[in-house]
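Residue numbers (our numbering): 311 to 671.
Where is the CB? At the ideal position from N, CA and C, for every residue including glycine.
Below you'll find the structure, written out as structure tokens, and then a few comments.
Structural data, given as structure tokens:
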């Protein structure tokens, strides 16, 4: 089905129920959510999939996903790059944006579920993860992208990764306030990171070729709130023609004829953050031509060869579809998460979030 247009208050539950059920089926008995059957799980994409479960009203499954993270967290607060069948699948590095993302997922789940007890349960896990990440922040504000097997810093920074961390720090600050344990130093670290992303481009891609050909480097600073709404639309317009293929979606990289569904969903939310609702609706409407009847979505489409590629329908792509749909229709109480920056004041502790409208799909 192509051309699905979504608007405020019109979340198509029946259409998306198979997508939610795909995520439920993919979850392993230990709570982990691999990319697909037989595939690996990584902490970032695992959280993304858990967020899709929360939107779908599958609160128990989402909480099992976060408990898997809590149960596998290393002593220093981090996780390895990948896991498979209950064992570490990649112990070469621990990526900071992967580690920080637990805060985004836990906060999103709380906004939807209003489960205060679960938020308190996950607080030590979130706190340890954020402390690990901030230990990799330089005096200039940027955050090293990873540490190696031996815990040594891999000293360079990624615009996309640091932008993701910027949003995660916003969520971590909110969690700290909500549980009554505010962390002002996290606010300061987030401010320094934002300043680096906005004003110190020389601190990124120092030891490798620029990643500017990747669309995520283009729209993630908008998606995460690094670039404020007043400047966001102009920022996206500058490279629109490089990355967006009419009727298809957003390219993963500017120099390859390959549009990807997850990046297109994230661009949809970035457009909403920029106040460009019309183009957000249009981009999202293109994506359902890559949907299978069972609710799964292909990773992407190679339009020069007219080929769905790779031969994968990942869980995190399905979750991105649900996140963008939530943002467009304002279905759950977390619909603003990637559209606005919302930092709780210290005196807002225990304030009730907007009433959730999530239901089991």
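Between residue i and residue j, what straight-line distance do the alpha-carbon atoms span, to the nearest angstrom?
i: residue 479; j: residue 535; result: 11 angstroms
i: residue 504; j: residue 392; result: 28 angstroms
i: residue 645; j: residue 372; result: 17 angstroms
i: residue 384; j: residue 440; result: 13 angstroms
i: residue 544; j: residue 625; result: 32 angstroms
i: residue 666; j: residue 549; result: Only weak support is given to the placement of residue 666: the predicted model assigns it a pLDDT of 35, under 50, and the value that follows is read from those uncertain coordinates. If I take the Cα positions, the gap works out to 36 angstroms.
i: residue 367; j: residue 541; result: 35 angstroms
i: residue 443; j: residue 628; result: 27 angstroms
i: residue 274; j: residue 615; result: The first residue shown for the chain is 311 and the last is 671, placing residue 274 beyond what the model contains.
i: residue 351; j: residue 318; result: 33 angstroms
i: residue 364; j: residue 411; result: 15 angstroms
i: residue 338; j: residue 395; result: 8 angstroms
Please state whether the Cβ-Cβ distance between residue i and residue j is less than 9 angstroms.
i: residue 472; j: residue 525; result: no
i: residue 354; j: residue 405; result: yes
i: residue 579; j: residue 643; result: no
i: residue 522; j: residue 315; result: no
i: residue 610; j: residue 568; result: yes
i: residue 513; j: residue 462; result: no
i: residue 446; j: residue 436; result: no
In the structure shown, what three-state DSSP assignment does residue i receive?
i: residue 662; result: Only weak support is given to the placement of residue 662: the predicted model assigns it a pLDDT of 47, under 50, and the value that follows is read from those uncertain coordinates. DSSP places residue 662 in coil when its eight states are reduced to three.
i: residue 526; result: helix
i: residue 560; result: strand
i: residue 622; result: coil
i: residue 468; result: coil
i: residue 641; result: coil
i: residue 403; result: strand
i: residue 351; result: strand
i: residue 513; result: helix
i: residue 549; result: coil
i: residue 601; result: strand
i: residue 617; result: strand
i: residue 320; result: coil
If you follow the beta strand (DSSP E) that residue i is part of, which residue opens it and which one closes it?
i: residue 568; result: 568 to 570
i: residue 612; result: 610 to 612
i: residue 399; result: 397 to 400
i: residue 491; result: Unbroken run through residue 491: none, as it is neither H nor E.
i: residue 458; result: 456 to 458
If contacts are defined as beta-carbon pairs under 8 angstroms, then residue i and residue j qualify, I think. What distance do you get, rounded to the angstrom?
i: residue 336; j: residue 344; result: 7 angstroms
i: residue 631; j: residue 575; result: 6 angstroms
Provide the residue span of the alpha helix (DSSP H) that contains residue i, from first to last.
i: residue 416; result: 406 to 423
i: residue 394; result: No alpha helix (DSSP H) contains residue 394, which is instead part of the beta strand (DSSP E) from 392 to 394.
i: residue 378; result: 369 to 382
i: residue 335; result: 323 to 336
i: residue 434; result: 426 to 444
i: residue 591; result: 587 to 595
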